[in-house]
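See below for the structure under consideration.
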Amino acid sequence: MVQEWIPIKKRAKEDSVSIKKVEKSGLRIARGVAPDQARRGVTRITYETGGMWKGSFEHGQVTYDTLSVPGAATTAEEGGPEIPQEGIYVAVPDGATDVSVKIIDKKMQPVPGTWKLRPVPKPITEEEYIAGKEEYLPRSEFYESDDEYPGRDFDFLGLKVLDGVTVAHLIVYLAQYKPLSGSLSVVEKMTIEIGYDVPPQTDRAPKKQMISPIVGDMILDFENVREIEREFDLPVDEEGGEGQVSEGAGWIGSDGLTHDPEMTTRPPIPYEPFTPIEPLPHPHIPAVSLLKRTNIISEYVIITPNSLRQSVQPLLQAKSGWPHYAMVATTETVSAEFPATSLKKSIKAFLTWAWNNWRCPPRYVVLAGDSDTIPVHLWSVGGHTYASDHYYADIRDSLAPEIVVSRIPTSNAVTMRRICQRLAGYENLRGPDWGGWQNEVILVAYEAATYKQCSDSIATAIAPRFRVTKRYGDSSTRKQVVDKMNSGVLVANYRGHGNKTAWSSSNGLRTQEIRGLNNASRPPMVFCIACQNAWIDDPNTETVVETFLREGKAVAVLGATRSSPTYANNDFDKYLFQSVMEGEISPGRIVQRAKTRMVLNHGSSSTHQQDVVMYMLFGDPTARVASDVEFLRGSWDMDHDGWKGTLDITRLWQHRVEKNGNCGYPVWSFSGTYTRAGKKYPMKGKIGGRDPNNRNPGCKRSDHRVDFTIDFASNNHQKFTGYITTWTRNIMAGYTWWSKRPFAWYAKKH
Numbered sequence: 062m063v064q065e066w067i068p069i070k071k072r073a074k075e076d077s078v079s080i081k082k083v084e085k086s087g088l089r090i091a092r093g094v095a096p097d098q099a100r101r102g103v104t105r106i107t108y109e110t111g112g113m114w115k116g117s118f119e120h121g122q123v124t125y126d127t128l129s130v131p132g133a134a135t136t137a138e139e140g141g142p143e144i145p146q147e148g149i150y151v152a153v154p155d156g157a158t159d160v161s162v163k164i165i166d167k168k169m170q171p172v173p174g175t176w177k178l179r180p181v182p183k184p185i186t187e188e189e190y191i192a193g194k195e196e197y198l199p200r201s202e203f204y205e206s207d208d209e210y211p212g213r214d215f216d217f218l219g220l221k222v223l224d225g226v227t228v229a230h231l232i233v234y235l236a237q238y239k240p241l242s243g244s245l246s247v248v249e250k251m252t253i254e255i256g257y258d259v260p261p262q263t264d265r266a267p268k269k270q271m272i273s274p275i276v277g278d279m280i281l282d283f284e285n286v287r288e289i290e291r292e293f294d295l296p297v298d299e300e301g302g303e304g305q306v307s308e309g310a311g312w313i314g315s316d317g318l319t320h321d322p323e324m325t326t327r328p329p330i331p332y333e334p335f336t337p338i339e340p341l342p343h344p345h346i347p348a349v350s351l352l353k354r355t356n357i358i359s360e361y362v363i364i365t366p367n368s369l370r371q372s373v374q375p376l377l378q379a380k381s382g383w384p385h386y387a388m389v390a391t392t393e394t395v396s397a398e399f400p401a402t403s404l405k406k407s408i409k410a411f412l413t414w415a416w417n418n419w420r421c422p423p424r425y426v427v428l429a430g431d432s433d434t435i436p437v438h439l440w441s442v443g444g445h446t447y448a449s450d451h452y453y454a455d456i457r458d459s460l461a462p463e464i465v466v467s468r469i470p471t472s473n474a475v476t477m478r479r480i481c482q483r484l485a486g487y488e489n490l491r492g493p494d495w496g497g498w499q500n501e502v503i504l505v506a507y508e509a510a511t512y513k514q515c516s517d518s519i520a521t522a523i524a525p526r527f528r529v530t531k532r533y534g535d536s537s538t539r540k541q542v543v544d545k546m547n548s549g550v551l552v553a554n555y556r557g558h559g560n561k562t563a564w565s566s567s568n569g570l571r572t573q574e575i576r577g578l579n580n581a582s583r584p585p586m587v588f589c590i591a592c593q594n595a596w597i598d599d600p601n602t603e604t605v606v607e608t609f610l611r612e613g614k615a616v617a618v619l620g621a622t623r624s625s626p627t628y629a630n631n632d633f634d635k636y637l638f639q640s641v642m643e644g645e646i647s648p649g650r651i652v653q654r655a656k657t658r659m660v661l662n663h664g665s666s667s668t669h670q671q672d673v674v675m676y677m678l679f680g681d682p683t684a685r686v687a688s689d690v691e692f693l694r695g696s697w698d699m700d701h702d703g704w705k706g707t708l709d710i711t712r713l714w715q716h717r718v719e720k721n722g723n724c725g726y727p728v729w730s731f732s733g734t735y736t737r738a739g740k741k742y743p744m745k746g747k748i749g750g751r752d753p754n755n756r757n758p759g760c761k762r763s764d765h766r767v768d769f770t771i772d773f774a775s776n777n778h779q780k781f782t783g784y785i786t787t788w789t790r791n792i793m794a795g796y797t798w799w800s801k802r803p804f805a806w807y808a809k810k811h
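Per our numbering, the very first residue in the sequence shown carries number 62; after that it's consecutive.
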């Protein structure tokens, strides 16, 4: 499909995303009001469209125009004109009431020409698409009228709690279309005002803790709201004392919590031969509460039956200490402390209580057991029923997941331990980012237009950062897919039709090919964006996702438990890779961000809700798969030619791709302070980017080059250039200039 870029903002570059910013927040103004009085808050958001892509689409004998905005979605009313729309989350104080939304300023820009916008297609599954049941039927009440469509500027979908933050959810419509005359105007700039009442402080429900949301950058005005909530009374720990840190050398289960005396992170555990263990007797469940304790600190919780608690020990040890403080909660203890009519309800009650009450609540939950041991939830959405672990992740019932939930789908103790050993050893296999398979992505697609177009779009978006190999069903063989997987890829993505045991394209992998892969030393993250690949509640069939994980051919796998909708799948697949390009590095964070964007951009679309529910994650949710620079954060002892001090890097931010010609270079910004002789000086810099010293042919990329500046005085901004050791990543060294003289510098992390 040939597309034409239409800049809406003056001189907007291709693929410029829309700008959303807070112009005014009434929270600050309201602080002088006495705490026993209700207060009115106002937040004003300005939305500026960067530009749009115009394309053409043929269906039968009809050619339609298409219109898309980078980062946005399109309307989903079947048979209505397909108009760009984008979701917005705006933070409001906890307990806000009487919320109002209105447009206070709007500037539209007419687009030249006569437009024939494509109607929204009938929702269909992948099987229906392959069977030729794709339909684009314009509804007469829209297309035989010259009334503006959609005829409104926004929809207010109400208040939601997103990752612990109360937000107003808006869908903003970015164009107005008159079908009969074919005229089209798009939003150039729009100012939206959200008003609300903040109840008296004495009437507010107490907050247990203020949690930093994983998707906080997707919430507008979050920092202002967080600031005012800091004024409220802080919670009192019911049990007193410091937080109880789970150190991962033991488990919270029917035998209690065992602590490791050392507060350190253990190195990953490499794969080692496994000797089967003897089954453990079911111990007595103590009367003392093990899970209903408000001072527990644990971001990583493994839920498993007592019969498998020894088998998950390798994964538990690998995730102990900072930053996750892993622990195990046995299903027996969960059921005893949170009694309910079923185990799944007990688990949901436990996670909800822990999220609301623990000092450091769970962020990542691994269900270590097959569906016969830890049940999946059967969820009804849009008239269909789906097996889903999303039930455990959606604490606030807003559909956007508060917790990342993954599963290790086996109830066999030997297999469980083998999988956990492999997952624990992934970091040693992953290594640094330089060159190699860590920069490779394979895109496999069914031999039909929509799947290839979706994959092409992803390839274009990620090409600046990854080397992309396309393997489409009409132009490659199954052997070529196997060979590429064996050579090593960081991410493998399949987009197309599927069933329980196969990617159903002519070149797609089946469970027998997956078992035969020779990639155990380079296990990828696998996205199966297709039907049924994760139908794990069928006890008689080993599915695609189960085979990948049980056989050690992937570190994490994402798949659908039932037949999935074609067009929503296209959006979801793109959002997954958008999450990667926005800086998410682990399977859990990538999937959580993509699902949150599905809820954000598509409102009440039932097909997108179906995807959010039915796609399940398997494997380690915290594996550091995608490139990141977390290793920079911390304190570095620095010596620059005899001047000694401490470099404290406290912030890592603004991941982006800097383009130079046809090349793209991943770059992160960082900042902090430099301390010497008791004085602190601000510093900021970047890592990555183009490096002319790179003598390799082609793009001159360096993921380990650092450039930073220390502001010693208003007229003395000293620049330092160097490199971080590519393997240990705990030493950096290079050169600096001062008074026209070069000096060497060296820094080692504490």
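For every residue, glycine included, the Cβ atom is placed at its ideal position computed from N, Cα and C. A quick note: this is a predicted structure, and the numbers were derived from the prediction, not measured.
Residue j beta carbon less than 8 Å from that of residue i
| i | j | result |
| --- | --- | --- |
| G121 | I80 | no |
| Y150 | V222 | no |
| Y742 | I771 | yes |
| E612 | I646 | no |
| A510 | I469 | no |
| V606 | V552 | no |
| A134 | N662 | yes |
| S86 | N285 | yes |
| V233 | M169 | no |
| V83 | D207 | no |
| P648 | L693 | no |
| H558 | C592 | yes |
| I523 | F638 | yes |
| T782 | D764 | no |
| G680 | L610 | yes |
Helix, strand or coil at residue i according to DSSP, with G and I counted as helix
| i | result |
| --- | --- |
| R213 | coil |
| E612 | coil |
| C724 | strand |
| G256 | strand |
| Y361 | strand |
| L484 | helix |
| A794 | strand |
| S624 | coil |
| E84 | strand |
| D702 | coil |
| K747 | strand |
| A10 | Since the first residue of the chain shown is 62 and the last is 811, residue 10 is not available in this structure. |
| N554 | strand |
| R179 | coil |
Contact set for residue i: own chain, Cβ-Cβ below 8 Å, skip 5 residues either direction
| i | result |
| --- | --- |
| Q541 | R532, N568 |
| T602 | K561, T562, W596 |
| K635 | C515, S518, I519, A522 |
Beta carbon proximity, residue i to chain B, threshold 8 Å
| i | result |
| --- | --- |
| P384 | In the structure shown, chain B cannot be found, because there is only a single protein chain. |
Own chain, CB closer than 7 Å to residue i, minus 5 neighbours either side, in chain order
| i | result |
| --- | --- |
| T608 | T572, I575, R576 |
| P375 | I330, R478, C481, Q482, A485 |
| V835 | Lying outside 62 to 811, the shown extent of the chain, residue 835 is not represented and no answer is given. |
Where the beta strand (DSSP E) through residue i begins and ends
| i | result |
| --- | --- |
| D764 | Where D764 is concerned, there is no enclosing beta strand (DSSP E), given that its DSSP letter is neither H nor E. |
| Q573 | Counting along the chain, Q573 falls outside any beta strand (DSSP E), though it belongs to the alpha helix (DSSP H) covering 572-576. |
| R100 | 100-109 |
| K531 | 528-533 |
| T391 | 388-391 |
N-terminal and C-terminal residue of the alpha helix (DSSP H) that residue i is part of
| i | result |
| --- | --- |
| T413 | 404-418 |
| P375 | 374-379 |
| Y453 | 451-454 |
| I523 | 510-523 |
6 Å CB neighbourhood of residue i in its chain, flanking five on each side removed
| i | result |
| --- | --- |
| N630 | I590 |
| W564 | Y555, L570 |
Cβ contact check for the region 621-639 and the region 665-674: 3 or more pairs under 8 Å:
yes
For the region 624-639 against the region 185-195, are there 3 or more C-beta pairs whose distance is under 8 Å?
yes
Quick test of the definition: if touching needs 3 or more C-beta pairs under 8 Å, does the region 137-153 touch the region 203-211?
Put simply, the region 137-153 touches the region 203-211. At least three CB pairs are less than 8 Å apart.
For the region 508-522 against the region 701-709, do three or more pairs of beta-carbon atoms, one drawn from each stretch, fall closer than 8 Å, so that the two count as touching?
no
Would you be able to state if there are at least three C-beta pairs under 8 Å between the region 375-385 and the region 402-418?
no
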